[in-house]
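Working notes for the structure below.
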Amino acid sequence: DAATGAHKPYATGLRNPTALAIQPGTGQLWTVVNERDELGPDLVPDYLTSVKEGAFYGWPYS
Numbered sequence: 001d002a003a004t005g006a007h008k009p010y011a012t013g014l015r016n017p018t019a020l021a022i023q024p025g026t027g028q029l030w031t032v033v034n035e036r037d038e039l040g041p042d043l044v045p046d047y048l049t050s051v052k053e054g055a056f057y058g059w060p061y062s
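Using the UniProt record's numbering, you'd call the opening residue of the sequence shown number 1 and step up by one each time.
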């Protein structure tokens with residue numbers, strides 16, 4: 001909030017989100033999520049996802 005200086009998370013549960021972008025025309029936020037490293041052949045794939053306000057994306061795994 002610009003008036004009070006208060007802030008809150010837009011979304012949570014994203015592990016190492018990078019490459020943030022706003023889609024023109026819709027204002028939708030997108031990001032690429034870098035998943036866990038050094039798992040050998042069991043590497044979890046990175047992925048592209050839209051980011052919705054207030055959403056939880058599952059990291060850390062429970």
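Note that CB positions come from ideal geometry on N, CA and C, so glycine has one too.
Just so you know, these numbers come straight off a predicted model, no measurement behind them.
Check your understanding: Could you give the distance in angstroms between the alpha-carbon of residue 58 and the alpha-carbon of residue 3?
Key -> Within the sequence shown, numbered from 1, the residue matching residue 58 stands at position 58. Within the sequence shown, numbered from 1, the residue matching residue 3 stands at position 3. Going by the C-alpha atoms only, they are around 32 Å apart.
Point to revise | Other residues of its chain near residue 51: CB distance less than 6 Å, five sequence neighbours each side excluded | key: If you number the sequence shown from 1, residue 51 lands on position 51. Residues 11, 29 and 31 of the same chain have their beta carbon placed closer than 6 Å to that of residue 51, with the five preceding and five following residues left out of the count.
Review point. For the putative contact between residue 20 and residue 33, defined by C-beta atoms under 8 Å, what is the C-beta separation to the nearest angstrom?
Key: Residue 20 sits at position 20 when you count from the first residue of the sequence shown. Residue 33 sits at position 33 when you count from the first residue of the sequence shown. Incorrect: roughly 11 Å between the Cβ atoms, too far for contact.
Check your understanding: Leaving out the 5 sequence neighbours to the left and right, which residues in its chain are closer than 6 Å to residue 1 when beta-carbon positions are compared?
Key -> Position 1 of the sequence shown holds residue 1. Taking residue 1 as the centre and dropping the five residues before and after it, the same chain places no C-beta closer than 6 Å to its C-beta.
**Study point:** Rounded C-alpha distance that separates residue 61 from residue 49
**Key:** The sequence position of residue 61 within the sequence shown is 61, counting from 1. The sequence position of residue 49 within the sequence shown is 49, counting from 1. Rounded to whole angstroms, residue 61 and residue 49 show a C-alpha spacing of 18 Å.
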